[in-house]
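Going from the sequence shown to this note's numbering is simple: count from 1 and add 7. Data block below; observations after.
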Amino acid sequence: MINQSLIDPSSIVVVGGSGDIEKPGGKILKNLLDGCFGGDLYVVNPKNESVQGIACLHSVAELETAELAIICVPARYCPDIVGTLAGKKKTRAFIILSAGFGEEGEQGRRWEQEIVETVNSVNACLLGPNCIGILNSNYTGIFTSPVPQLDPMGCDLVSSSGATAVFLLEAGILLGLKFSGVYSVGNSAQTGIEEVLEYMDQTYDPERDSSIKLLYLESIANPGKLLKHASSLVRKGARIAAIKAGNTEAGERAAASHTGALANPDMAVRALFKKAGIVSCDSREELLSVASAFNYKPLIGKNIAVITHAGGPAVMLTDALSNGGLNVPLIDGPNAEELLSMLNPGSSVSNPIDFLATGTANQLGTIIDFCDRKFDQVDAMVVIFGSPGLFDVADVYEVLSEKLETCRKPIYPVLPSVINAREGIQAFLAKGHINFPDEVALGSTLAVICKTAAPPEASETDYRVDQARIRNIIDASTDGFLSPAEVAGLLDAAGIPRASETTITTPADIENMSPPGFPIAMKVVGPVHKTDVGGVMLNINSMQELKSGFERLMQIDNAEAVLVQPMIDGVELFAGVKRESNFGHLIVCGLGGIFIEILNDFSSGLAPLTKAESLDMIRSLQGYKVFQGVRGREGVNEELFSEIIQRLSLLVEIAPEIVEMDMNPLMGEANSVVAVDTRVRVLRQSEN
8 MINQSLIDPS SIVVVGGSGD IEKPGGKILK NLLDGCFGGD LYVVNPKNES
58 VQGIACLHSV AELETAELAI ICVPARYCPD IVGTLAGKKK TRAFIILSAG
108 FGEEGEQGRR WEQEIVETVN SVNACLLGPN CIGILNSNYT GIFTSPVPQL
158 DPMGCDLVSS SGATAVFLLE AGILLGLKFS GVYSVGNSAQ TGIEEVLEYM
208 DQTYDPERDS SIKLLYLESI ANPGKLLKHA SSLVRKGARI AAIKAGNTEA
258 GERAAASHTG ALANPDMAVR ALFKKAGIVS CDSREELLSV ASAFNYKPLI
308 GKNIAVITHA GGPAVMLTDA LSNGGLNVPL IDGPNAEELL SMLNPGSSVS
358 NPIDFLATGT ANQLGTIIDF CDRKFDQVDA MVVIFGSPGL FDVADVYEVL
408 SEKLETCRKP IYPVLPSVIN AREGIQAFLA KGHINFPDEV ALGSTLAVIC
458 KTAAPPEASE TDYRVDQARI RNIIDASTDG FLSPAEVAGL LDAAGIPRAS
508 ETTITTPADI ENMSPPGFPI AMKVVGPVHK TDVGGVMLNI NSMQELKSGF
558 ERLMQIDNAE AVLVQPMIDG VELFAGVKRE SNFGHLIVCG LGGIFIEILN
608 DFSSGLAPLT KAESLDMIRS LQGYKVFQGV RGREGVNEEL FSEIIQRLSL
658 LVEIAPEIVE MDMNPLMGEA NSVVAVDTRV RVLRQSEN
């Protein structure tokens with residue numbers, strides 16, 4: 008939990024404060040003094056009478072009171088110190104910089120747990136242990152450098168890793184990024200990134216607080232809380248970008264279905280970020296690039312004008328934008344001709360707008376004005392302008408600076424000449440602007456931002472399912488794969504269309520069954536992966552083929568019965584569910600057959616899913632054109648496929664015991680989408 012004692016303490020005690028500024032206890036004390044903390048500042052150090060001009064107490068027992076304690080002594084001493092401060096000195100916030108806790112072994116975990124229990128017993132706040140501290144406008148409570156000059160409208164940085172926070176500060180400052188606050192949560196023994204976001208959400212004031220939140224997470228202990236408060240902040244106008252590290256797994260995942268094999272922690276994290284409206288980043292560079300773009304006017308639309316005096320970077324940027332799903336639209340017509348007449352001979356305005364190495368600052372201003380006021384096909388501009396070192400470009404950057412303030416449309420500056428135009432770039436940054444040194448990185452950044460939609464509003468679904476029947480089937484089942492009859496019952500109760508089927512276990516069943524309408528399909532019951540063991544036979548056209556096929560299929564190891572279904576035409580689709588740790592149910596969809604097996608063309612979302620989310624999953628597939636119809640073949644009804652995805656979401660909400668579910672394939676046509684083969688595995692205790 009975050010409380011006011013952590014955010015704005017009236018008094019601070021540094022336990023382990025030192026005169027050696029190369030040690031955490033010395034550096035944090037220096038930072039507090041340099042930051043001109045306005046409250047009472049105390050130091051506990053048993054070996055010195057004073058450090059850095061402050062008289063020392065020899066133990067925390069000598070302290071009268073302190074609202075916040077910053078502790079930088081060996082881990083073994085921390086439980087007793089926290090106990091004394093919390094129980095006798097009315098300390099209600101703790102920052103433990105020390106390492107040697109849960110990250111190092113069982114003894115450290117016991118110390119950490121003891122501290123958490125003590126802190127919780129007095130309703131106090133704990134940040135860390137194993138963190139670099141907190142930096143805000145009230146005090147400089149970090150032991151690292153650089154300490155940036157804070158700006159209330161700069162970025163809030165929240166990081167699991169202290170080192171990563173430092174690296175982000177260093178690189179961000181060079182780009183021109185401003186920072187409002189830094190929170191390092193370390194081991195997150197009590198307070199993690201989720202709790203920091205909760206505090207930011209509950210206290211958010213768009214007139215007073217930073218609207219840009221940058222997150223570096225190494226674990227997500229409470230995905231539900233993260234989703235709730237991140238999406239709430241985004242709806243209030245904040246913009247969030249995040250890295251989640253540590254998403255890979257060593258070893259093989261036990262998976263009995265396509266969904267189980269496809270789904271992984273990284274997919275769940277990305278689905279969570281998408282649902283919350285968080286821009287997902289893969290590196291520190293990308294996180295800072297997204298943060299830089301957040302500092303400019305928001306991109307509304309996908310049409311970008313590329314303005315440059317250098318052809319090569321313009322081509323690379325155009326490729327990056329196009330590959331990311333953005334457009335570099337053709338610019339032509341009378342307004343384009345008018346602009347061309349105002350530029351040097353040889354210039355081009357078709358987009359990219361190349362006004363040559365001889366272009367002037369005034370010409371740049373004119374081009375920007377045309378893009379802003381006259382070219383309706385343009386939503387934003389990227390200006391690439393460097394220098395070969397032959398002449399000063401400060402006047403160009405001055406014009407660019409002015410236009411950034413006055414234009415209605417966003418402008419993103421790429422100033423690559425970090426040596427030849429160093430002074431001009433520094434003057435540009437000093438005016439509060441941010442530079443993108445690399446045009447391809449910028450193009451990728453704009454694409455990922457554009458693809459991150461606002462979090463969906465919660466809405467009641469139009470669909471209804473038979474909740475009582477679903478619960479009866481699940482409650483009566485045992486852990487493991489459900490029988491064909493149980494699966495059929497679940498699909499019917501959920502309102503998911505399925506192919507009719509007959510189960511035969513003996514030759515006599517064939518004689519007693521109603522005459523099938525040939526052609527039919529036959530599938531072995533028992534083995535999990537039917538195709539892998541030759542357990543599927545298609546286009547059976549006679550009773551004789553049916554009988555001989557039954558004999559062959561029943562000879563397969565673990566065969567229990569044979570399903571007989573009519574042959575159904577259409578496009579093979581896929582939908583499935585995987586219960587992914589504490590994230591809940593991850594729903595996956597895609598094209599079936601070769602697309603799911605070889606091309607890995609699928610998308611995912613976290614339940615519960617709205618109609619808009621399910622349609623977005625479908626439309627983000629690489630093979631989405633199949634739904635629209637290709638080469639004279641009719642398409643697939645995406646509304647019906649979307650309905651099935653939503654019904655899957657409802658099903659697992661009612662039956663959370665479902666850990667894996669595959670519908671592969673579903674056969675899709677213009678007027679129907681039907682489940683042909685479905686497997687459901689139930690487990691009442693989480694495997695994770």
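For glycine and all other residues, C-beta sits at the position ideal for the given N, C-alpha and C. Computed from a predicted model, the values in this text were never measured in an experiment.
Taking DSSP as the reference, what is the three-state secondary structure of Pro491? Position 484 of the sequence shown, counted from the first residue, corresponds to residue 491. Helix at Pro491.
Give the straight-line distance between the Cα atoms of Leu580 and Ile9, rounded to the nearest whole angstrom. Along the sequence shown, read from residue 1 onward, the residue named residue 580 stands at position 573. Along the sequence shown, read from residue 1 onward, the residue named residue 9 stands at position 2. Taking the straight line from one Cα to the other gives about 47 Å.
Which same chain residues, not among the five before or five after Gly332, have their C-beta less than 8 Å away from its C-beta? Residue 332 sits at position 325 when you count from the first residue of the sequence shown. Cβ neighbours of Gly332 beyond the five flanking positions: Lys309, Ala454, Cys457, Lys458.
Are the segment 407–419 and the segment 361–381 touching by the rule of at least three beta carbon pairs closer than 8 Å? yes
Is the separation between the beta-carbon of Leu436 and that of Gly183 shorter than 8 Å? Working through the sequence shown from its first residue, we reach residue 436 at position 429. Working through the sequence shown from its first residue, we reach residue 183 at position 176. It is a contact, given that the beta carbons lie within the stated cut-off.
Whether Gln572 touches Val683 by CB criterion (8 Å): As a first step, residue 572 is located in the sequence shown; it is residue number 565 there, counting from the start. As a first step, residue 683 is located in the sequence shown; it is residue number 676 there, counting from the start. In this structure, Val683 lies closer than 8 Å to Gln572 by Cβ.
Where the alpha helix (DSSP H) containing Tyr206 begins and where it ends: If you number the sequence shown from 1, residue 206 lands on position 199. Residues 200–209.
Starting from Lys554 and walking both ways along the alpha helix (DSSP H), at which residues does that stretch end? Taking the sequence shown and counting its residues from 1, one reaches residue 554 at position 547. Looking at the DSSP string, the run of the alpha helix (DSSP H) that includes Lys554 is 550–561.
Can you tell me the Cα-Cα spacing of Met160 and Asp212, whole angstroms? What you label residue 160 is simply residue 153 of the sequence shown in a count that begins at 1. What you label residue 212 is simply residue 205 of the sequence shown in a count that begins at 1. Roughly 11 Å between the two C-alpha positions.
Arg246, DSSP secondary structure in three states: Indexing the sequence shown from 1 puts residue 246 at position 239. Arg246 falls in the strand class under three-state DSSP.
Give every residue of the same chain whose Cβ lies closer than 6 Å to the Cβ of Asp163, excluding the five residues on either side of it in the sequence, and list them in chain order. Residue 163 sits at position 156 when you count from the first residue of the sequence shown. Answer for Asp163: Ser187, Gly188, Ser217, Lys220, listed in chain order.
So is Phe648 buried or exposed if we call it buried at 16+ other beta carbons inside 10 Å? Against the sequence shown, residue 648 aligns to sequence position 641. Answer is buried; the Cβ neighbour count reaches 16.
Any chance the segment 494–514 sits against the segment 540–549, with 3 or more Cβ pairs inside 8 Å? no
Does Met520 come out as helix, strand or coil in the three-state DSSP assignment? For the purposes of this step, residue 520 is taken as residue 513 along the sequence shown, with counting starting at 1. Met520 falls in the coil class under three-state DSSP.
Beta-carbon separation of Asn127 and Ile14 under 8 Å? Residue numbering aside, residue 127 sits at position 120 when the sequence shown is read from its first letter. Residue numbering aside, residue 14 sits at position 7 when the sequence shown is read from its first letter. Cβ atoms of Asn127 and Ile14: not closer than 8 Å.
Relative to the C-alpha of Ile19, which residue among Leu75, Gly33, Ile432 is closest? Counting from one through the sequence shown, the residue named residue 19 turns up at place 12. The option with the nearest alpha carbon to Ile19 is Leu75.
Best match in Pro534, Asp576, Ile527, His536 for proximity to Gly556 [C-alpha to C-alpha]: In the sequence shown, the residue the question calls residue 556 occupies position 549. It is Ile527.
Buried or exposed: which applies to Ala521, given that a residue is buried once 16 or more other Cβ atoms fall within 10 Å of its Cβ? Indexing the sequence shown from 1 puts residue 521 at position 514. According to the sequence displayed, residue 521 carries Ser and not Ala. By the neighbour-count rule (16 or more Cβ atoms within 10 Å), Ser521 is not buried but exposed.
Taking its Cβ as the centre, do 16 or more other Cβ atoms sit within 10 Å of Glu201, making it buried, or is it exposed? Taking the sequence shown and counting its residues from 1, the one referred to as residue 201 is at position 194. Glu201 is buried by the Cβ-count criterion.
Under 8 Å by Cβ, that's how I've got Ile102 and Gly23 pegged, so tell me the actual separation to the nearest angstrom. Your numbering for residue 102 matches position 95 in the sequence shown. Your numbering for residue 23 matches position 16 in the sequence shown. Contact doesn't hold; Cβ gap of about 12 Å is too wide.
My output table needs one value for Leu164: the three-state DSSP class, helix, strand or coil. As a first step, residue 164 is located in the sequence shown; it is residue number 157 there, counting from the start. Strand at Leu164.
Residues that DSSP places opposite Gln572 in a beta bridge: To locate residue 572, count along the sequence shown from 1; it is residue 565. Its beta-bridge partners are Ala528.
For the structure I just gave you, are there three or more beta carbon pairs, one from the segment 303–319 and one from the segment 386–398, closer than 8 Å? yes
Start-to-end residues for the beta strand (DSSP E) that takes in Ile141: The residue given as residue 141 occupies position 134 in the sequence shown. Residues 140–142.
Between the beta-carbon of Glu225 and the beta-carbon of Gly179, is there less than 8 Å? Translated into the one-based positions of the sequence shown, residue 225 becomes position 218. Translated into the one-based positions of the sequence shown, residue 179 becomes position 172. No. Outside cutoff.
When the Cα atoms are used, what is the spatial distance from Asn479 to Ser627? Position 472 of the sequence shown, counted from the start, is the residue given in the question as residue 479. Position 620 of the sequence shown, counted from the start, is the residue given in the question as residue 627. Spanning the two alpha carbons is a distance of roughly 36 Å.
With burial defined as no fewer than 16 other Cβ atoms inside 10 Å of the residue's Cβ, what is the status of Glu667: buried or exposed? Walking along the sequence shown from the start, residue 667 turns up at place 660. When all chains shown are included, Glu667 counts as buried.
Note down, in chain order, each residue of its chain lying with its Cβ closer than 6 Å to the Cβ of Asn143, except the 5 sequence neighbours on either side. As a first step, residue 143 is located in the sequence shown; it is residue number 136 there, counting from the start. Excluding sequence neighbours, Asn143 sits near Gly188.
Could you say if the segment 648–657 and the segment 672–686 meet the contact criterion of at least three C-beta pairs nearer than 8 Å? yes
Gly450 in three-state terms, based on DSSP: The count along the sequence shown starts at 1 and reaches residue 450 at position 443. In the structure shown, Gly450 sits in a helix (DSSP, three-state: H, G or I).
Simplified DSSP state of Thr468, which is helix, strand or coil: Mapped onto the sequence shown, residue 468 falls at position 461. Reduced to three states, the DSSP call for Thr468 is coil.
Express the C-alpha separation of Ala131 and Glu121 in angstroms, rounding to a whole number. For the purposes of this step, residue 121 is taken as residue 114 along the sequence shown, with counting starting at 1. For the purposes of this step, residue 131 is taken as residue 124 along the sequence shown, with counting starting at 1. Those two C-alpha atoms are separated by around 14 Å.
If you follow the alpha helix (DSSP H) that Val126 is part of, which residue opens it and which one closes it? For the purposes of this step, residue 126 is taken as residue 119 along the sequence shown, with counting starting at 1. Looking at the DSSP string, the run of the alpha helix (DSSP H) that includes Val126 is 113–128.
Report the residue from Met529, Ser588, Ser484, Asp486 whose alpha carbon sits nearest the alpha carbon of Ala506. As a first step, residue 506 is located in the sequence shown; it is residue number 499 there, counting from the start. Ala506 has its Cα closest to that of Met529, out of Met529, Ser588, Ser484, Asp486.
Just to confirm my understanding: we take Tyr190, look at its own chain, exclude 5 residues before and 5 after, and list those with CB closer than 6 Å. What are they? On the sequence shown, position 183 is the one that residue 190 refers to. Within the same chain, Tyr190 has close Cβ partners Ile141, Val165, Val203.
Decide if Ala68 is buried, meaning its Cβ has at least 16 other Cβ atoms within 10 Å, or exposed. Here residue 68 refers to the residue found at position 61 of the sequence shown. Looking at its Cβ environment, which holds fewer than 16 other Cβ atoms inside 10 Å, Ala68 is exposed.
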